[in-house]
Amino acid sequence: MVCFCSQLNRPGQRHWSIIFSTASRERLKKKKMPFISKIKRQTDYNLFPSSTPIVIDNGASYFRIGWAGETEPRVIFRNIVQRPRHKTTGETVSIVGDHDPALLKYFDCTRSGPRSAFDNDVVYQFEIMEYILDFAFDRLGANGSGIDHPVLITECVCNPVHSRSKMAELLFETYGVPSVAFGVDTAFSYKYNQQHGICGQDGLAICPGFSTTHVIPFVGGEPVYRGSCRTNIGGYHVTDYLKQLLSLKYPHHMARLTWEKVEDLKMEHCYIAPDYFSEARLFQKGTKEAEDKTRCWQLPWVPPPTEEPPSEEEIARKAAIKERQGQRLREMAEAKRSSRINELENELHGLGFLLRQLEQVEANDIPSFLSATGYVSKQEIESSLAKVTQSLRKAKGEPKSEQAEVEEKTEASMNEKYPLIHIPDNMLTSEQVLNPKEPKLKKKKKKCIIIAIVIKLLLAMVSIQLKEKRRQIFLKTTTEGRQRAKQKRVEEGLERERKNQEDEERRLENPELYAEQMRAKYKELSERIDQRKRLKTNGSHTNGNNTSGGVGRGERLNAAQRERMRLLTTAAFDRGKGEDTFGAKDEDWQLYKLMSRDNDDDDEGAEADEAELARVSSRLQEIDPKFVPKQELVPPQSAAEAPRLRPLTKEDFQIVLGVERFRCPEILYHPNLVGIDQVGLDEMTGVSIRRLPSKDEDLEQRLTSSIFMTGGCCLFPGMSQRLEAGIRMIRPCGAPINVVRALDPVLDAWRGASLYAAKLQFTEQTFTRMDYYEKGEDWLRRYQLRYTL
Amino acid sequence: MEAEVLEAELVLPTYLSFKRVQMYEKYPKGQSRGRHWKHLKQILQAENYRNYPPDEPNYVNIESPPSMHPCKRLCDMTGYEAPYYDPRTNLRYANAEVFKLVRSLPSEYVQRYLALRNAAVVLK
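Keeping their order, the protein sequence lines are chains D and H. For what it's worth, this note's numbering labels the leading residue of the first sequence as 59, then goes sequentially. For what it's worth, this note's numbering labels the leading residue of the second sequence as 1045, then goes sequentially.
This is the structure we're talking about:
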């Protein structure tokens, strides 16, 4: 495939660097750039006398202005105006023509797109026209008061008088032009080439322009407008078509496909195929010729930085750093642990000391003694002592095998903690309820208070005991449940381990067979999942005009879903014969469970399947180096995101122009392809000849023997051959057909006009301001230029 | 204005010596700038071509007629010859693979492809 890149530097100056791949040795052809903007201010305005006319070619694409008698227009620019706001000052300015986009960054161009004064090829927006003329005269070097030169300006064929008069008014009133002449650009181009001998005195001029295409027959050197013909298709439509096709094909590169860039692509790569369908067939078959004709545009793309495998030193260095960090962390942990151990030991000593003291103190003084320390009873001290010793032991980092011991201990303590559980209800005594941790009351105090308390207690006894008992039962069951769950997990883990072992053994004894089985299983699972997915998602989104969607869905739902639908509809539309007894029985409410979507077992099945699939695929990946897990079929809506699932490659950033190269200019011959219901170029000649007022075969032969092409669009390669073939189809057999192209299709119109304006008799063809006001609009309507002077 | 913008003379100056009436005088800032310019259709209507002899060429006269040849049937997506069309979406397609693509297009793209041919459903 021949691949080459083109880069655009500035819209004003177009260079492109063409890089060829070595597949086919083609000569590097230097392409002649057809359109270049020239907007340097001219300095010699004052050197020209007042009689020298200014020649303006007011085209829908480009505006060319210069002096009569010269061969090149002085100023050329694109016929558009932008009115953006300056970002910092906020004022709205006008910018005429196309400019370096780098400079435009100072302006906020979002609200103002480029605007043209044209609608088709008729000027209708004179405010924009005024901006353009301002700019043009300014760059021509105009200074002083008023433009003091006659002006020759081009217009479209059969320009409506409204537009013509507004233009004349603009020139006369605002610019002070003394006299004005209107002419048709195609005619000027024809005359220019006629003088150079390209075409004869009688001929057909075909001008595919920017927004329209004209065919004008010339008889005796003068255009016969009655026989002319206009189709509203032109270069603009070709570019637009190409842009839309590429945007639809490459939606994620849409930002890159600006109108200017697409126009460059069109000018560089598009051609006209001699026969559309045979060319398309070449591409369809994928022949080598088609490959040669495909161009691909490589967008700038930076591959993500590949991580080099770290060198030995790197690895060593990183390991050392990690080691040091680990060391530091360990030291910190150690320090913390030792400090905690110290604390605990201190506490332990303190408590031990307290206990010993307690033993020495008399029984009577115990409460007062204890209140001083903050503990209420001996039991409390003992229990906190036990806790502290335990945490100390843990902190000292004794091995986990002691956890079993600890667990046993907890069990033992649990039994102690829940002593009440084992005691049946009616045997719970008041003492146990009151102080579950302190069964011994002081004997002294018993005598004093027992009478009062017992009465109260007996009343509240049962309820409190029960509450306490229930709490303990609850705690016990939850902890037991937790233990059971833990055990189950352990068992499951063991089971899995066992299965893996078995698998391994099977694999080792017969690797081939195992791999086969795995693969088969994988395929089956993936198919099932795909099918399920397809079923689920098929009815909802794939097509826009889903006229049969509702009907088709019913067939694809599975039994459960159909049942659900049936229930829903009967429930909704049930009129009910007689009394409605729904709800009398408990089982009736189960209906809602059936109706609810959450009970779709499909989902559960799908999940299990998917988990299984994942496991199998991972297994396969381990054992079979050639296995490639099938990418999940990404739903087509996110087709644009599919490339991002895998790392972006160079190919993702290539825009391939294959069929589009000749599909887009085809619309000049078949406007039906873009929905414009008019004839194409080849048929237009037939129409034009038919429309001629006089039916003269001789004349027709003369016309077809000099078919002249001009206009920007005729620069497509292959245009002449195609046109000739097309015209031959509609003309009688044996008629002479000769298609010629203008010397410079783009600038010849201006050159012709310049030559014309330089002639002495030009002044007779112009009209002045007085003429315009005296003779009125009707005269202006009938005003036509005489081209043969 | 930044230096380089001034140097490039990007911006149209507001005062030009050769003009008799400046832009800001003609279109004062306060009034609505969207001056109502007649569009081509309105211009043509106002021309009253009916009052003039039909032989005379005018803008409407010289427009081309519809084509006599049968319209070319191209596949909307690939550009090959397309003898078939999808009744659900009205897109033309060339073969079965393209058909798969056509059926998998989201609705927005379908309408855009149709709009290329001026066959999209426009809801007004």
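All C-beta atoms in this analysis are idealised placements derived from N, C-alpha and C, irrespective of residue type, glycine included.
Assuming contact is defined by CB atoms lying nearer than 8 angstroms, are H:Asn-1095 and D:Cys-216 in contact in what I supplied? Here residue 1095 of chain H refers to the residue found at position 51 when the second sequence is read from its first residue. Here residue 216 of chain D refers to the residue found at position 158 when the first sequence is read from its first residue. For H:Asn-1095 and D:Cys-216, no; Cβs fall outside 8 angstroms.
Beta-carbon of D:Asp-243 versus every beta-carbon of chain H: anything under 8 angstroms? Start at 1 with the first residue of the first sequence, and residue 243 of chain D comes out as number 185. For D:Asp-243, the answer is no, since every Cβ of chain H falls outside 8 angstroms of its Cβ.
- prompt: Run through DSSP, which three-state label would D:Leu-757 get?
  reply: For the purposes of this step, residue 757 of chain D is taken as residue 699 along the first sequence, with counting starting at 1. The answer is helix: DSSP assigns D:Leu-757 an H, G or I state.
Cβ atoms of D:Arg-222 and D:Leu-838: under 8 angstroms apart, would you say? As a working mapping, residue 838 of chain D is identified with position 780 in the first sequence. As a working mapping, residue 222 of chain D is identified with position 164 in the first sequence. Yes.
Beta strand (DSSP E) runs wholly inside the segment 758-809 of chain D, at least 3 long, in chain order = 765-767 and 797-799
- Item | Below-8 angstroms beta-carbon distance, H:Phe-1062 vs any chain D residue | Counted from its first residue, the second sequence places residue 1062 of chain H at position 18. For H:Phe-1062, the answer is yes, since a Cβ of chain D falls inside 8 angstroms of its Cβ.
Check: Under a Cβ-count criterion, where at least 16 other Cβ atoms within 10 Å of its own Cβ denotes burial, should D:Met-312 be classed as buried or exposed?
Finding: What you label residue 312 of chain D is simply residue 254 of the first sequence in a count that begins at 1. Per the 10 Å Cβ criterion, exposed.
Determine, using beta carbons only, whether D:Ile-256 and D:Val-798 come nearer to each other than 8 angstroms. Here residue 256 of chain D refers to the residue found at position 198 when the first sequence is read from its first residue. Here residue 798 of chain D refers to the residue found at position 740 when the first sequence is read from its first residue. Yes; because the gap between Cβ atoms is below 8 angstroms, this pair is in contact.
Test: H:Asn-1095 CB closer than 8 angstroms to a CB of chain D
Locating residue 1095 of chain H in the second sequence gives position 51, where the first residue counts as 1. Not closer than 8 angstroms to any Cβ of chain D, the Cβ of H:Asn-1095 fails to qualify, so no.
Exercise for review: Taking only the alpha-carbon atoms, compute the straight-line gap between D:Ser-397 and D:Ala-672 and give it to the nearest angstrom.
Suggested key: Along the first sequence, read from residue 1 onward, the residue named residue 397 of chain D stands at position 339. Along the first sequence, read from residue 1 onward, the residue named residue 672 of chain D stands at position 614. Near 49 angstroms, if we compare the C-alpha coordinates of D:Ala-672 and D:Ser-397.
- request: Please name the residue, chosen from D:Lys-307, D:Thr-244 and D:Ala-126, that lies closest to D:Asp-802 on a Cα-to-Cα basis.
  value: The sequence position of residue 802 of chain D within the first sequence is 744, counting from 1. Minimum Cα distance to D:Asp-802 is reached at D:Thr-244.
Quick one, which of D:Phe-176, D:Phe-640 and D:Asp-156 has its alpha-carbon nearest D:Cys-851's? Since the first and last residues shown for chain D are 59 and 847, residue 851 of chain D lies out of range.
Segments of 4+ residues assigned as alpha helix (DSSP H) that fall wholly inside the segment 210-286 of chain D = 219-227 and 243-253, all fully within the segment 210-286 of chain D.
key: Where D:Glu-549 falls: helix, strand or coil (DSSP)   = Here residue 549 of chain D is taken as the residue at index 491 of the first sequence, counted from 1. Helix at D:Glu-549.
**Under the three-state DSSP convention, the category D:Asn-116 falls into** = Translated into the one-based positions of the first sequence, residue 116 of chain D becomes position 58. Note: D:Asn-116 maps to strand in three-state DSSP.
Fill in: Contacting residues, own chain, Cβ-Cβ under 8 angstroms from D:Asp-102 (five flanking each side not counted)
Position 44 of the first sequence, counted from the first residue, corresponds to residue 102 of chain D. The residues are Gly-199.
### Query
Under 9 angstroms Cβ-Cβ, which residues of chain D neighbour H:Leu-1160?
By 1-based counting over the second sequence, the position of residue 1160 of chain H is 116. Simply Tyr-299, Gln-302, Leu-303, Leu-306, Leu-731, Val-732 and Gly-733.
Within the segment 283-327 of chain D, note down every full alpha helix (DSSP H) run reaching 4 residues or more, in order along the chain. Correct list: 293-307 and 317-327.
Selected residue, minimal CA-CA separation from H:Ser-1111, among D:Arg-143, D:Gly-432, D:Asn-796 and D:Leu-739:
One-based indexing of the second sequence puts residue 1111 of chain H at position 67. Cα-wise, what sits closest to H:Ser-1111 is D:Leu-739.
Buried or exposed (CB count within 10 angstroms, at least 16 for buried), D:Gly-285: In the first sequence, the residue the question calls residue 285 of chain D occupies position 227. That one is buried.
(Q) Would D:Met-742 pass as an interface residue toward chain H - the criterion being a Cβ-Cβ separation below 8 angstroms? (A) For the purposes of this step, residue 742 of chain D is identified with residue 684 of the first sequence, where counting begins at 1. Closer than 8 angstroms to some Cβ of chain H, the Cβ of D:Met-742 qualifies, so yes.
For D:Ala-200, return the contacting residues in chain H, with the cut-off set at a CB-CB distance below 9 angstroms. Along the first sequence, read from residue 1 onward, the residue named residue 200 of chain D stands at position 142. Here the neighbours are Leu-1060, Ser-1061 and Phe-1062.
Excluding the five sequence neighbours on either side, which residues of its own chain have a C-beta within less than 6 angstroms of the C-beta of D:Ala-807, listed in chain order?
-> Within the first sequence, residue 807 of chain D is the residue found at index 749, counting from 1. So the list reads Asp-115, Asp-243, Phe-246 and Ser-247, once near-sequence residues are dropped.
Among D:Ile-379, D:Glu-389, D:Ala-815 and D:Glu-782, which one has its Cα closest to the Cα of D:Asp-333? By one-based count along the first sequence, residue 333 of chain D stands at place 275. For the residues D:Ile-379, D:Glu-389, D:Ala-815 and D:Glu-782, the minimum Cα distance to D:Asp-333 belongs to D:Glu-782.
* Closest by CA to H:Pro-1150, which one among D:Leu-416, D:Pro-309 and D:Glu-231? -> By one-based count along the second sequence, residue 1150 of chain H stands at place 106. H:Pro-1150 has its Cα closest to that of D:Pro-309, out of D:Leu-416, D:Pro-309 and D:Glu-231.
_Just checking: is the beta-carbon of D:Thr-101 within a distance shorter than 8 angstroms of some beta-carbon in chain H?_
Within the first sequence, the letter at position 43 stands for residue 101 of chain D. D:Thr-101 does not count as touching chain H.
Exercise. Let me know if D:Ile-765 comes out buried or exposed under the rule of 16 or more other beta-carbons within 10 Å of its beta-carbon.
Key: As a first step, residue 765 of chain D must be located in the first sequence, where it is residue number 707. Buried.
Between the CA atoms of D:Cys-722 and D:Arg-749 - distance to the nearest angstrom: Locating residue 749 of chain D in the first sequence gives position 691, counting from the first residue. Locating residue 722 of chain D in the first sequence gives position 664, counting from the first residue. Taking the straight line joining both Cα atoms gives about 29 angstroms.
What's the C-alpha gap between D:Pro-275 and D:Gln-259?
Looking up residue 275 of chain D in the first sequence gives position 217. Looking up residue 259 of chain D in the first sequence gives position 201. Distance between the alpha carbons of D:Pro-275 and D:Gln-259: 10 angstroms.
- Query: Buried or exposed: D:Asp-179, going by 16 or more other Cβ atoms within 10 Å of its Cβ?
  - Reply: In the first sequence, residue 179 of chain D corresponds to position 121, counting from 1. Per the 10 Å Cβ criterion, buried.
Using 8 angstroms for Cβ pairs, my map puts D:Gly-267 next to D:Gly-769. What's the rounded Cβ distance?
Taking the first sequence and counting its residues from 1, the one referred to as residue 267 of chain D is at position 209. Taking the first sequence and counting its residues from 1, the one referred to as residue 769 of chain D is at position 711. Confirmed, about 5 angstroms.
(request) Alpha carbon to alpha carbon, how far is D:Met-623 from H:Pro-1131? Give it in angstroms, no decimals. (result) Taking the second sequence and counting its residues from 1, the one referred to as residue 1131 of chain H is at position 87. Taking the first sequence and counting its residues from 1, the one referred to as residue 623 of chain D is at position 565. Computed Cα separation, rounded: 29 angstroms.
* Identify the contact partners of D:Cys-287 in chain C, using a Cβ-Cβ distance below 9 angstroms as the criterion. => Reference to chain C is not applicable here, since the protein chains of this structure are D and H.
Buried or exposed, going by whether 16 or more other CB atoms sit within 10 Å of the CB of D:Trp-355?
For this step, residue 355 of chain D is matched to residue 297 along the first sequence. So D:Trp-355 counts as buried.
Q. What does a CB cutoff of less than 8 angstroms around H:Gln-1066 pick up in its chain, not counting 5 residues either side in sequence?
A. Translated into positions along the second sequence, residue 1066 of chain H becomes position 22. Hits under 8 angstroms: Thr-1058, Tyr-1059 and Leu-1060.
Requested in this report: Measuring only between beta-carbons, confirm whether D:Ala-338 sits less than 8 angstroms from chain H.
Outcome: Your numbering for residue 338 of chain D matches position 280 in the first sequence. Yes, D:Ala-338 counts as interfacial toward chain H.
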